[in-house]
Amino acid sequence: MTWWVIVIAAGVGTFLIRYLPLLSGTRLVRGEGRLSRFLGALGLAAIAALIVLSVSDLWWQAPHWRGGVRLALGATAVLLVQRLTPNVGLATLVGAGVYGAAGWALAD
Amino acid sequence: MTFERAISSPWRSAGQGLRESLSLVAGYAPIAFSFGVIAVQSGLTPWQAVGISLLVFAGASQFVMVAMMAAGSGGLTVLSAVLMMNLRHLFYGPALATRLVALPRRLVPWLAFGLTDEVFATAMAKGASRPLEPAWCLGLALGAYLAWVGGTALGAGMGAGWTNDGGYVAQALDFVLPALFLALLAQAWRRARWPVVTVAAGATLLGMVWWPGHVAMLVGMLAGALVGSRRARTARAREAMT
C-alpha cells in the first residue's frame with residue numbers, strides 16, 4: 007500500500023466515522039426518549055473526559071508538587087475569569103498565561 | 076427569538092463562529108506546529124505532513140500515524156490504528172444534531188469533516204445555553220481547520236531545525252487545551268449535571284490505568300452520558316430551573 011493511499015484511506019475513514027452518524031442524527035433529534043437524553047449528556051461527558059486526559063498528560067510530564075501548584079493556579083485563573091467575564095477565549099488565554107508564569111516563578 | 080433569527084444571516088453566523096474559534100486556534104496552532112516538526116523529523120516531506128493535516132484533520136491519530144509509518148508498520152495496521160482511535164467520533168454527530176436549530180443535508184458533509192474533539196466540545200458547551208446555527212458551527216470548524224493546517228505548515232517548514240527551548244511561551248502553550256476544556260466545562264455547567272461530569276472524569280481516570288488515553292476517554296464519555304440518560308425526571312426538572 008503506497009503512502010498516499012494510506013493517508014487518503016485514513017482521511018476517508020475518519021470522515022465517514024463522523025459523517026454517517028450525523029446523517030442519521032436528524033431522525034434522533036426529534037426523539038424525547040433515553041437516546042436523546044444520552045446524546046444530550048454526551049457533550050458534557052466528553053468535555054470532562056478531555057479535561058482528565060489533557061491534565062494527566064501535563065502532570066506526567068513533570069510529576070512534582072510544583073506541577074500540581076501550576077495546574078491549580080492555571081485552573082483557578084480560568085474559572086475566575088470565566089466567572090467574571092463569560093468569555094471562553096479570554097479565560098483560556100489568561101489561564102495559560104498564569105500557568106506559564108507559575109512555571110517560570112517556581113523554576114529551580 | 077424571531078427577530079434575532081431574522082437578522083442573523085448564515086454568513087453573519089459563520090463569521091461569529093469564526094471569531095469564537097480564536098480560543099481553539101490558540102490551542103490548535105502549537106500542537107499542529109509540533110506535528111509538522113515531528114512529521115518532518117520522522118522522514119516525511121513538508122508536503123506530506125501538510126497533506127495528512129489537510130486530509131485527516133484528527134489530532135492525536137495523526138501523531139500515531141506518523142510514528143507507526145516511521146517505524147515501518149504495514150499500511151493496514153496503520154489504517155486500523157487510526158480508525159480505532161477515531162471511533163469515539165461516532166457519537167459526536169448525533170449529539171451535535173440535538174443542539175442545532177436545523178440540519179440542512181447539504182451542510183452535513185462539511186459539518187462532519189470538522190467534527191474534532193475540540194470543535195465538538197466547544198459547540199456542545201455553547202449549545203447548552205442556546206440552539207446553534209449550522210453556519211456558526213461551520214465558522215468554528217473552519218477556524219480550527221485553518222489553524223491546524225497552518226500550524227502544520229509552519230512546523231513542517233521549520234522542520235528539523237526547530238527545538239523546544241521550554242521557555243515561558245512554550246510552557247504557557249502547554250496549558251492552552253486543558254484551559255480551554257475547563258472554560259468550556261464552566262460555560263456548560265448546570266448544577267444538576269454534576270453526576271455526568273463526575274462519572275465521566277472518574278471513569279476516564281480509572282480507565283487510564285488499563286487502557287491508552289483514547290480508549291479511556293471513550294469509556295469515560297459513554298459512562299457519563301449513560302448516567303445522564305438515566306437521571307430521574309425530577310433531576311431534569313431541577314436542571315431546567317438552575
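First to last, the protein sequences are chains B and G. Going by our numbering, the first sequence opens with residue 7, and the numbers climb by one from there. Going by our numbering, the second sequence opens with residue 76, and the numbers climb by one from there. Glycine residues also receive a C-beta, built at the ideal position from the N, C-alpha and C atoms. Because the structure is a prediction, the values reported are computed rather than measured.
Under 9 angstroms by beta carbon: chain B residues contacting residue i
i	result
G/Met140	Ile12, Val13 and Ala16
G/Pro209	By Cβ distance, chain B contributes nothing, its closest Cβ being about 11 angstroms from G/Pro209, past 9 angstroms.
G/Ala261	Val84, Leu85, Gln88, Arg89, Pro92, Val94 and Ala97
G/Gly214	The contacting residues do not exist; G/Gly214 stays about 14 angstroms from chain B at best.
G/Met283	Val58, Leu59 and Ser62
G/Met292	Ala52, Ala55, Leu56, Val58 and Leu59
G/Gly150	Met7, Thr8, Trp9, Val11, Ile12 and Ala15
Chain-ordered chain B contacts of residue i [CB-CB under 7 angstroms]
i	result
G/Ser65	Since the displayed chain G opens at 76 and closes at 317, residue 65 of chain G lies outside it and no answer follows.
G/Met296	Leu48, Ala51, Ala52 and Ala55
G/Ser98	Val94, Gly95 and Thr98
G/Gln116	Result: empty, since nearest Cβ-Cβ is about 17 angstroms, beyond 7 angstroms.
G/Thr133	According to the sequence as given, residue 133 of chain G is Ala; it is not Thr. Thr20, listed in chain order.
G/Gly288	Leu59
G/Val194	Going along chain B, no residue has its Cβ under 7 angstroms from G/Val194, so there is no contact; the nearest lies around 10 angstroms.
8 angstroms contact criterion, which residue i and residue j should meet: CB distance rounded
i	j	result
B/Val4	G/Leu257	There is simply no residue 4 of chain B to check, as chain B begins at 7 and stops at 114 in what is shown.
B/Ile53	G/Ala200	7 angstroms
G/Gly226	G/Ala104	4 angstroms
G/Ala275	G/Ala254	Not quite, the Cβ-Cβ distance comes to about 19 angstroms (not below 8 angstroms), so this is no contact.
G/Phe166	B/Pro27	7 angstroms
G/Ala324	B/Leu48	Nothing can be reported for residue 324 of chain G, as the shown portion of chain G is limited to 76 through 317.
G/Gly214	G/Arg174	That pair is no contact at about 15 angstroms.
G/Ala114	G/Ile127	7 angstroms
G/Val157	G/Val141	Not really, about 11 angstroms apart at Cβ, beyond 8 angstroms.
G/Ala247	B/Gly73	Actually they are not in contact, since the Cβ atoms of G/Ala247 and B/Gly73 sit about 14 angstroms apart, beyond 8 angstroms.
G/Pro129	G/Val224	First, the amino acid is wrong: residue 129 of chain G is Leu here, not Pro. Contact flag correct, Cβ pair sits at about 6 angstroms.
B/Val61	G/Gly295	About 13 angstroms separates the two Cβ atoms, so there is no contact after all.
G/Ser88	G/Trp211	4 angstroms
B/Gly31	G/Leu178	7 angstroms
B/Val13	G/Val131	7 angstroms
B/Gln67	G/Ala261	Actually they are not in contact, since the Cβ atoms of B/Gln67 and G/Ala261 sit about 24 angstroms apart, beyond 8 angstroms.
B/Leu64	G/Phe250	7 angstroms
G/Val112	G/Met233	6 angstroms
G/Leu170	B/Leu41	Residue 170 of chain G is actually Ala in this sequence, not Leu. So it is not a contact: roughly 10 angstroms between Cβ atoms.
B/Leu77	G/Met292	Between G/Met292 and B/Leu77 the Cβ distance is about 19 angstroms, and since that is not below 8 angstroms, they are no contact.
B/Trp9	G/Gln123	7 angstroms
Chain-ordered neighbours of residue i on chain G, where CB pairs are closer than 7 angstroms
i	result
B/Leu112	Result: empty, since nearest Cβ-Cβ is about 11 angstroms, beyond 7 angstroms.
B/Leu90	Chain G residues near B/Leu90: none, gap ~11 angstroms exceeds 7 angstroms.
B/Ser84	First, the amino acid is wrong: residue 84 of chain B is Val here, not Ser. Ala254, Leu257 and Ala258, listed in chain order.
B/Val61	Pro253
B/Ala81	Leu257
Beta-ladder partner(s) of residue i, from DSSP
i	result
G/Leu175	G/Leu207
Any chain D beta carbon closer than 8 angstroms to residue i
i	result
G/Tyr220	In summary, chain D is missing from the structure at hand, where the protein chains are B and G.
Residue i: contacting residues in chain G (beta-carbon distance under 9 angstroms)
i	result
B/Gly31	Gly168, Pro169, Ala170, Leu171, Ala172, Thr173, Leu175, Leu178 and Val183
Proximal chain G residues relative to residue i, where beta-carbon distance stays under 8 angstroms
i	result
B/Trp9	Gln123 and Met144
B/Ala78	The contacting residues do not exist; B/Ala78 stays about 12 angstroms from chain G at best.
Cross-chain neighbours of residue i in chain B, by beta carbon under 8 angstroms
i	result
G/Met199	Leu48, Gly49, Leu50, Ala52 and Ile53
G/Gly126	Trp10 and Val13
G/Phe188	Phe21, Arg24 and Tyr25
G/Arg268	Ala47 and Leu50
G/Tyr243	Gly106, Ala107, Gly109 and Trp110
G/Gln91	Here the premise fails: no neighbours, minimum Cβ distance about 13 angstroms.
G/Val157	Ala16, Gly19 and Thr20
*For the region 93-101 of chain B and the region 91-107 of chain G, state whether three or more C-beta atom pairs, one from each stretch, are separated by less than 8 angstroms.*
yes
_Three Cβ pairs or more, each shorter than 8 angstroms: is that satisfied between the region 212-223 of chain G and the region 112-120 of chain G?_
no
*Three-pair Cβ contact test at 8 angstroms for the region 100-111 of chain B versus the region 264-283 of chain G*: no
*the region 182-192 of chain G in contact with the region 122-135 of chain G per 3-pair CB rule at 8 angstroms*: yes
*What are the uninterrupted segments assigned as beta strand (DSSP E) that are 3 or more residues long and contained completely in the region 144-175 of chain G, given in chain order?*
none
*Complete beta strand (DSSP E) runs within the region 76-108 of chain B (minimum length 3 residues, chain order)*: none
*Can you list the alpha helix (DSSP H) stretches of 4 or more residues lying completely in the region 28-73 of chain B, in chain order?*
40-67
_Ignoring anything shorter than 4 residues, give me the alpha helix (DSSP H) runs that lie fully in the region 93-151 of chain G, in order along the chain._
97-116, 121-130 and 134-145
*At 3 residues or longer, and completely inside the region 235-288 of chain G: list those beta strand (DSSP E) runs for me, N to C.*
none
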